[in-house]
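Quick note: the sequence shown, position 69, residue 69 per the UniProt record's numbering, numbers continuous.
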Amino acid sequence: MKSNLDHLPDRQQEELAAITGHLLRGFETATAGGTSTWRRYAKIHKIILFGSYARGDFVDAPETGYQSDFDILVVVSDEKLTDTDYWYETEQRIEHDPSIGRIVNLMVNDLDDINKSLDAGLHFFREVIDQGIVLYEVPGHAFSPLKPLTPEAALALGQRHYKKIFATIKTSVKLAEFAMEQGDVDDWLHKAAFNLHQATEAAYIAVLLLNGFYAPRSHNIKFLRAQAEAKAPGLASVWPREIRALRKPFQKLKRAYVDARYNQDTFDITLDELEHLKATVEQLIDRVRAVCDQRLAQLAREAGTRA
C-alpha cells in the first residue's frame, strides 16, 4: 500500500495528521480499563485514507463552498471494536476541531472481516487497499489476497443483489408516495422525507453491490454518493453542486435520516419540496438502474450466458 501524501496540499496533510491523532488517542481512551481479553488487547492495526483524496480526484473549491470529504478506514483487532460506542466521542472531537476543514467519513472494520471479504472475492476492500494510503500501521497484520469469484458466481451474486436492492428501492418510493398523499398532517411529510432518503441510500448501495459486491455499513448518503459516483460518474449531475443553493435539496435529504424522525421540530419540509425531491430521486433511480443493467450484462457476457 502507498504511504505518500505528497500529492496533497500541506493543509490537507496537516488535517490528516490531526485526524490520525484523534483516532489513536480516542481509541486508547475508549478501550482503557477493559477486563475481557479482546478489549485488553484492543488494537488499531491500520488507518487508511481512501476515496477521492487517495486517488487524487478530490474537489476543493472554496469559491463554491464545496469540498470532498475525507474517507478513512480504521482496521481494528476485533469485531466488537467496530461498535459506534467506541468511536462516537472521537468523531465528535474531529467534527469540532477547527484545524480540520472538511467532513470526515469514518469506516471501522475488523481485520478478520476484511480478510473474509477478500477471500470471498468482494472487490470493495481490494480497491481500498490498492488505491488507499496508509496513515498509520502496526506491522504484522497483512491483508489477504483477493480470491476472484468465478464468472458464474459473480453473475449469480450480482443477480441476487439486483433483485433484492431494487425491491427495497421500490418499497421506499411507494412508502414516500403514500406519506405524501396524506398531506401536511401529523408527521406524514417527515415520513415521506425519510423514505426518500432510504430510496436514495439503496440506489447508491445498488451501484456498489453490483460493481464491488460490497457496500459500507453507512446511512450517510453523501458518503455513499461519493463511492457510487466513483464507479459511475454519470450519476454526479443528478444533484448539482456547483452553486451552494443547488446543494440544499440534497443536504436536506441527507438530514432526513435522523432529523425527519427524531428532530421534527427543527426539520421543516413542504409538500412542494418533497415533490421536487421525489422527481430527483426517481431520476437517480433510473440512472442507477441503467448502470446496474449494464453491469449485469457485462457479468453475463463474462459468464457466457444471459443476465
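Glycine included, C-beta positions come from ideal geometry on N, C-alpha and C.
Small disclaimer: the values here were computed from a predicted structure and weren't measured.
Its chain contains His7 as the residues whose beta carbon lies nearer than 8 Å to that of Gly56, once the 5 sequence neighbours on both sides are disregarded; these appear in chain order. Exposure of Phe178 is indicated by the presence of fewer than 16 other C-beta atoms within 10 angstroms of its C-beta.
For Met180, the enclosing alpha helix (DSSP H) has its first and last residue at 151-181. In the DSSP secondary-structure assignment, Tyr66 is bridged to Ala61. The three-state reading of DSSP puts His197 in helix, counting H, G and I together. Looking from the CA of Gln198, the closest CA among Leu224, Asp184, Tyr214 belongs to Leu224. If only complete runs of 3 or more residues are kept, the UniProt domain "HEPN" (170-291) shows no beta strand (DSSP E) anywhere. Within the region 38-125, complete beta strand (DSSP E) segments of at least 3 residues are found at 44-50, 70-76, 104-110, given in chain order. Where Leu24 is concerned, the enclosing alpha helix (DSSP H) starts and stops at 10-31.
With respect to Asp119, Lys147 sits close: the two C-beta atoms are nearer than 9 Å. For the pair Phe125 and Ala192, the Cα-to-Cα distance works out to about 34 Å. Separation of the CB atoms of Met1 and Val108 is rounded to 18 Å, and the pair is thereby denied contact status at 8 Å. Counting along the chain, Leu146 sits inside no beta strand (DSSP E), nor does DSSP assign it H or E at all. Excluding the 5 residues flanking it on each side, Arg93 has same chain C-beta neighbours closer than 6 Å at His22, in chain order.
Straight-line spacing of the CA atoms in Glu273 and Pro249 works out to 8 Å. Only buried fits Asp110, as 16 or more other CB atoms lie within 10 angstroms of its CB.
Beta-bridge pairing by DSSP links Val134 to Ile48. Val173 sits close to Lys278, with the two beta carbons spaced by under 9 Å. The Cβ atoms of Leu24 and Phe50 lie no closer than 9 Å to each other.
Between the beta-carbon of Thr200 and that of Leu299 there is about 25 Å, and that puts the pair past the 8 Å contact cut. Apart from the 5 residues on each side of it in sequence, Ile221 sits with its Cβ closer than 6 Å to the Cβ of Thr200, Glu201, Lys254 in its chain, given in chain order.
For Leu155, the CB contacts under 8 Å within the same chain, skipping 5 residues up- and downstream, are Leu296, Leu299, Ala300, Glu302, Ala303, Thr305, Ala307 in chain order.
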